[in-house]
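Reading through the C-alpha cells given below for one structure.
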Amino acid sequence: MKHLIPEFEQWKKRFPPGFDSAMVMLCVRRIQDDRGFVADSDVGDLAAYLGVPRIQIEEVLSYYTQFRRKPIGRWHVQTCRNVSCSMRSAEKLIDHLAKKIGVAPGNTTADGRFTLSTVECLGSCGTAPVVMVNDTYHENMSIEKLDELLEGLK
Amino acid sequence: MPGRQLIMTFPVTATSHTLADYLARGGYGALAKALTMAPPDITKEVTASGLLGHGGAAFPVGRKWGVVRLNDNQPHFLCANADEGEPGTFKDRWILEHAPHLLLESMLITCRALQVRNCFVYIRGEFDLPYRRLAAAVEEAYAAGYFGERVLGQDFACDIVVVRGAGSYVCGEASGLLSSVEGKRGYPRNRPPRLTVKGLFQMPTVVNNVETLSNVAGIITMGADEFKKVGVAKSPGTQLVSISGHVSRPGVYEVEYGYPLKKFLFDDCGGIPGGGSLKCIIPGGISTKVLTAAEIESLTYDKTSLEAAGSQLGSGGMIAIAEGTCMVRLLQVMLRFYHHESCGQCTPCREGMGWMHRIIDRIVDGKGVPEDIERLYAISKLNDGTTICGMGDAAGYATVGILNKYRDEFEYFIEHKHSKLGGNLEVPVHA
Amino acid sequence: MPEIFINGQPVQAQADETVLQAALRNGFYIPYFCWHKSLSIHGNCRICGVQPEGKNWVEIACNMPVAEGMRVLTDSDIVREHRKATLQFITLNHPVDCGICDKAGECTLQDYHFEYNGERSISIEPKVTSTKYVELSSRIVLDNERCILCTRCVRFTREISKSNALGVKHRGDESLVRPSDDGAFETDVYSDNVVDLCPVGALLSRSFLQKARVWYLKPTPSVCPGCARGCSIDVWHRKDEWKLRALDAKQNTSVARVTPRDNPAVNGPWICNKGRDLAQVFERARAELPMLKGKPSDLAAAVEAARRLVAAAKKPAALVSSWGSNEELAAFAAALGGRFATFVKADHVAAPGETVEDDLLVRADKNPNTTAARALFGDAPVRFAEGTDLVLVWGEGFDFAALPRGAKLIFLNSYLQPENGHADVFLPVSIQTERSGRYTNFAGVVSAFEACFPKGAAVADAEALFALIAPATGPRG
C-alpha cells in the first residue's frame, strides 16, 4: 500500500494533529479500491504507517461487511433482503440470481466473474427492489431488468 | 405537497446540487449572517426554534448543543450522521445527493456556534453517489473559501473530512459512529460520559443527523419565530419522510409536522397499489412500533400524536403494509437484520438477537411451539433498557409492536405450521 | 466525600468512584464479569445492574459515578430478575463443559449461576457451537464456546502488557476473541495473566490443562524468585487431605501451578510468565546426598568435615546466594560473616532471549534477594585475595574455573550439578518451597514465603548449617 502514502499524506492535512487513527477507515477503503481487497502485507504496512496496533486494523477488517481480506469476483452483485425490498419481491430476485449466476449467496463463480451476496438495507427503499453491483445502485429492479443487467456485466 | 416546505424548496435538476445553483438559491447567506453572531447567540436561536433531532430520538437540538462548554480550552467536534441505516429510511440521501451545500453551510454555522475547528460527515459506505456528490461539494466549498483557515475571509477556521463507513448499522448510533471515525470497530459506548462531554477521542462532540443540521441554515436565515410558525407546537418545522413498501408513489416527501397522516398516505403517496387496503404502517424505521390502519385514522404526523398512539416519529422511514401481508415473515426479516447488525458487545443483545432470529426461523419453518411467543416477549423485555445502545431495545419494540397487534397470525402459524396469509410479503395484486 | 445509600444504608463513597466500587468497598456484593479493578470499564456483561430507588429499571453499577444522595438497591426483586435474565443470556450458548473444564471450582459463572439463577435455560434452540481449542500461543488455549466476551483479556493486552496481541474479530454472536496475525501473544511475557482474568474456562494455561482439579489443590503464599521484583505468588499443590496414595507420589510434592497473589505494594494482581513456570525451576533434579569429594556421606560427617575446613582455613572466602532468604543471610552473617571475606553472588542471570527489564514488573537482576545480601555483605565484585585457601560457595551460578588454585571448596547447593562431586564437602540444602522465610525486593519491600513441602531426609536448611559449621571458638580475630 506504500504507493498510496502520498495520497494519505494529503488527507492528513484536513485532520487535527494526532488523529492518525481516524485515517483507518479512509485508508482501508482506498487500499481495497486499489487492490480489490486488503492483503496481509497491507495490514502491517498500514499499522506501521498510522502508528496503530495491527490488531486494530485486523478487527476493523473483520467487523465491517464491506471490507475483505480476499479477492472476490469481478462483479459483486449485492441484493438487499430487508423489509421494503422483500415487500417488493427481493426474495424472488435472490432466487433468480442464484439460479442464473449459478452460486448460492455468499459465493463466487468458478470463473471469477460474479460474487453474489445478500445485504441489509441500502437506503433505497423507495425504489425497491434494489441491487448494488460493485459501487452502483440499480433501482426498481425486476427479473427482466436483472437479466439485462447481468448480460452487460462481462 | 404535504404542508409547507423548508428544504425541498427547489426542483431537482442535473445541476441543482452544485455550488452555483445553491448560491443562486441564496446559499451561504446564512453563514455570512452567522459569522456576525456570537457563538452562544447561534445556539440560542436554534434552541428557541424548538428544533428536534431527525435521526430517531427527537431530542431537542439546542439542549444537546448547550452541554458543550464554550472556551474550555479543549477541541470540540461536530459529526454529521449520514449513516442512514435504519431500514425504510432514505431521506438524508436526498439532501446528500441534491442539497449537499445546505448541509455544509449548516455545519459551518454549527461549528461557529460550538467552537468546532474540525468537523466530520460520517456517511455509510454503500452510499456511493451521495458520497461523490458530497465530496465534490466539499471541494467546491473549499475552493470558494467556505472551509479552510479563514472561512469567508474571516477569523474563523474550519476543516471538514468525510469519513465513509463500511457496512454496520450501529455506526448510525452516535457513539458507534464516533468509534468508527476513530478508526475502530463501530462499537457503541456506555453513557456516562455523554458524548457532548467526552466524545471523539474523549473530546466534547456533537453528533447530529444530516437533516437535523440541514435545518440550521434556514433557522438562521428566517429566525426562530418564523421557523416555529411551521409545524405544530411540540414539533416545529418539517420532516423529510421516506415512504416505501406497499404504496403507489414511494419516495422522499417533506411533510409539515401536524399534517394528517392518512391524507399523506392516501393522497400524497397514492395509497395502496393494486386496489388493496392498508393493514398497518411502520411510522419511522423498523425500530418503531407498528400502527394499524384503524389506529392512524385520525393521527397527525408529529411527535405528540405518534407517541400518544404508542409509537414514535423515529427516523422518518415510513413503510406501508397492505392487507394480506404475513406479519410473521415480516418480523422474520427484521429479526434477521438485527441479528446481522448486533455489534456483539453486550450480553442481552448479542445473545438475544440470535436467539430471537432462531426462534422465528423455527416458527416459519413450521416447527414453532406455543411458548415461543412468550419467549419472544421475554427476550424483548430483557433487552429493554439493559443494553449499551438502543439497538437491543429497538429489536424489542419492533417485536412487541408486531406481537401485540398480530398475535393471532403467530398463533396460527405455530398451530398450523404455515402462514395464515400464504407467507406473503409482496404487494398483493387484486383483480 | 459523597454520601450514597445502598439498600437504604448510608455509605461514604469516594469522589471519583462508581457505585460498584463504593459497594464492594463497603461489603455490599454486586456481581460482575467484565469489570476489573485494574482495567478500563467496558460495561458489556450487564450483570452488575442495580436499581435506582424509585425507578423500575436497572443501570450498570460499574459505570455509575457516585453522586451525593444517590440511592440504589442491589438486592431488590427487579435486580434479582435482571441477574437471572442476564445469566439466561450468558448461558444461552455456553457449553455445559463443567465436567471437563479446568475452571470448575473457581469459575465465576458457576458461582453466579448457583447464587443468582439456578434455573434451566428457557431456550429450546440447539446451542451455537464454535472453535474449542484455539492456540493463542504455545502457553494459552482459548475455547470460544465458553467465552462470554467480557473482553478482560483484550483490555489486558491493550492497557497492561501493551502487547496489543488480542482482539475481538467479527461481530454479534459470531464475535471471537482472536490473536493478532503476527503472533504477538507468543512474546507477551504477561500473557498468562489472562487465564486468571478470564471469569470462565475460556482461556486456559496449556501447561496446567487437565492436570488437576482445583479443589484438590491449596495455594501457599510465596514470593517469586525469578527477579528482584519479588512478586507475591501462590504456589498451588495437593492438599494434605487429598494426598494420592496410589499413582505417582511425586504428585503430592509437585507444584501444580503458580498464580499471582494480589499485592498493591509490589506487583498488583499480575506476574510475568517466568513466575508461572517456577515448577521448572523448583523441580529440577535435586541434590539429595551430602558428599565428600564426590563420595556419599551422611549429614553429620559432612557437617563435621566442613567445620574442620572452616576452622583450619587462614584466608577463607565465601560467595553467598542471592536466593538466600533474609533469615539465612542473617544466619550466615552471624555465624561466618566475620571469618569469611564474603561476596554476594548473582545465582542467575538472564537467559538468552529472556526479557531483561521492562516497564511493568521484570527486573534485570534475576535473583530475589540481592538487596538483603548486599545490605549485609556489600556489592563488591568477587575477587579472591592472594592466598585464599577455602572457598564456600552457597547456591548456583558460580564459575568453578575461577576457583583459586589449591583452595578447598565447601559447596552448598540444592540442585544436581557435576561440580557437586568436585567439592571437598558438598551439602544439599533446601529450596524456598521447603521452608518459610522472607526476601527483600529491589525497592526494599519485604515479602514472606511459606513452606509447601517437606524436604528430603538428608537435605539441610542452610540457615541451620551455618551455625553448625562455624568453629566452636567463634569468629576469628
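Protein chains in written order, with our numbering: chain A, 551 to 704; chain B, 14 to 444; chain C, 768 to 1244.
Beta carbons are placed, not taken as given, at the ideal position from N, Cα and C, and that holds for glycine.
Residues of chain B with CB under 9 Å from residue i, in chain order?
i	result
C:N830	N203, R204 and P205
Are the beta-carbon atoms belonging to residue i and residue j less than 8 Å from one another?
i	j	result
C:C917	C:C801	yes
C:L859	C:R919	no
B:L395	B:T412	no
C:N1187	C:A1139	no
C:P832	C:T785	yes
A:K650	A:L700	yes
C:D940	B:G405	no
B:G79	B:N222	no
B:T400	B:C339	no
B:S119	B:L226	yes
B:K292	B:A322	no
C:V1149	C:F1110	yes
C:S958	C:R922	no
C:P988	C:D1007	no
C:G1020	C:W1003	It should be noted that the sequence gives Thr, not Gly, for residue 1020 of chain C. Their beta carbons are not under 8 Å apart, which means C:T1020 does not touch C:W1003 by this criterion.
C:S734	C:D1228	One cannot answer for residue 734 of chain C here, as it falls past the ends of chain C, which runs 768 to 1244.
B:L48	B:L165	yes
C:G1042	C:A1113	no
Tell me whether residue i sits in a helix, a strand or coil according to DSSP, three-state version.
i	result
B:P249	strand
B:S188	helix
B:I332	strand
A:C630	strand
B:A444	Residue placement at B:A444 cannot be trusted, given a pLDDT of 43 that sits under 50; what the coordinates show is reported in the next sentence. It is coil, neither helix nor strand.
B:M216	coil
B:E345	Checking the sequence, you will find Gln at residue 345 of chain B rather than Glu. Helix at B:Q345.
C:P832	strand
C:D1126	coil
B:A9	With chain B represented from 14 up to 444, any question about residue 9 of chain B goes unanswered, as that position is not in the structure.
B:F169	coil
B:F133	strand
For residue i, which residues in chain A fall below 8 Å Cβ to Cβ?
i	result
B:E354	E670
B:G199	Y613 and Y614
B:S181	Y613, Y614 and T615
Under 7 Å Cβ-Cβ, which residues of chain A neighbour residue i?
i	result
C:G934	I605, E608 and E609
C:N931	P603 and I605
B:R106	G673
C:R938	Y613
Return yes when the C-beta of residue i is under 7 Å from any heavy atom of the ligand FMN, and no when it is not.
i	result
C:R938	The ligand FMN is absent from the structure shown, which contains no ligand whatsoever.
Would you say residue i faces chain D, with C-beta separation under 8 Å as the test?
i	result
A:N632	Among the chains of the structure shown, chain D does not appear; the protein chains present are A, B and C.
Residues of chain C with CB closer than 8 Å to the CB of residue i, please, in chain order.
i	result
A:V593	D948
B:I332	None at all; the shortest Cβ gap to chain C is about 24 Å.
B:I401	G810 and N811
Note down, in chain order, every chain B residue with its Cβ under 8 Å from the Cβ of residue i.
i	result
C:D1001	In chain order: nothing, as chain B lies at least about 31 Å away.
Find the residues of chain B that neighbour residue i, judging by a C-beta separation of less than 7 Å, and give them in chain order.
i	result
C:L859	E364 and W368
Residue i versus chain C: which residues are under 7 Å apart at the beta carbon?
i	result
B:C359	N811 and R813
Taking residue i as the query, report the chain C residues whose CB atoms sit under 9 Å from its CB, ordered along the chain.
i	result
B:A391	A852, Q855 and I889
Contact the stretch 27-42 of chain B vs the stretch 213-224 of chain B: 3+ CB pairs below 8 Å: no
Could you name the residues of the stretch 612-627 of chain A whose beta carbon sits closer than 8 Å to any beta carbon of chain C, in the order they occur along the chain? S612 and Y613
So, do the stretch 92-110 of chain B and the stretch 290-306 of chain B have three or more beta carbon pairs nearer to each other than 8 Å? yes
Is there contact between the stretch 565-578 of chain A and the stretch 171-190 of chain B, where contact requires at least three CB pairs shorter than 8 Å? yes
Name, going along the chain, the residues of the stretch 557-572 of chain A whose beta-carbon falls closer than 9 Å to a beta-carbon of chain B. W561, K563, R564, F565, P566, G568, F569, D570, S571 and A572
Answer yes if the stretch 1173-1186 of chain C comes into contact with the stretch 1072-1090 of chain C, meaning at least three C-beta pairs across the two stretches below 8 Å, and no otherwise. yes
With contact counted as at least three CB pairs below 8 Å, one residue from each stretch, are the stretch 673-684 of chain A and the stretch 631-641 of chain A in contact? yes
Proximal residues, the stretch 214-228 of chain B versus chain C, C-beta separation under 9 Å: none
Taking a Cβ distance cut-off of 8 Å, strictly less, list which residues of the stretch 674-702 of chain A are near chain B, in chain order. S674, C675, G676, T677, A678, M682, D685, T686 and Y687
The stretch 636-660 of chain A: which residues have C-beta closer than 8 Å to a C-beta of chain C, in chain order? none
Under 8 Å, with one C-beta from each stretch per pair, do the stretch 616-627 of chain A and the stretch 185-195 of chain B reach the 3-pair mark? no
Would the stretch 372-391 of chain B count as touching the stretch 413-429 of chain B if we require 3 or more Cβ pairs under 8 Å? Verdict: yes, contact present.
Does the count of Cβ pairs from the stretch 258-266 of chain B and the stretch 149-159 of chain B closer than 8 Å reach three? Under the 8 Å Cβ criterion, the stretch 258-266 of chain B does not count as touching the stretch 149-159 of chain B, having fewer than three qualifying pairs.
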